[in-house]
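My numbering numbers the first residue of the sequence shown as 6 and each following residue consecutively.
The C-beta atom is built at its ideal place from N, Cα and C for all residues, glycine as well.
One structure is given here, and the rest of the page talks about it.
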Amino acid sequence: MAVSELNRHLIATTKQVKRKSLIIMTIKHKLITGKILPIL
């Protein structure tokens, strides 16, 4: 029981981390494109 609960918790945290990193990546991408596009 404890092992399956731990696995479930790990899966939930990895999903949250992936979602957070995806948001950070999109923000960075928007900032980079926002800086490059006005120069072009």
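Rounded separation between residue i and residue j - CA only
| i | j | result |
| --- | --- | --- |
| Met30 | Lys20 | 15 Å |
| His14 | Val22 | 12 Å |
| Thr18 | Asn12 | 10 Å |
| Ile41 | Glu10 | 46 Å |
| Lys25 | Val8 | 26 Å |
Residue i CB to nearest heavy atom of the ligand NAD below 7 Å
| i | result |
| --- | --- |
| Asn12 | Looking for the ligand NAD in the displayed structure turns up nothing, as the structure carries no ligands at all. |
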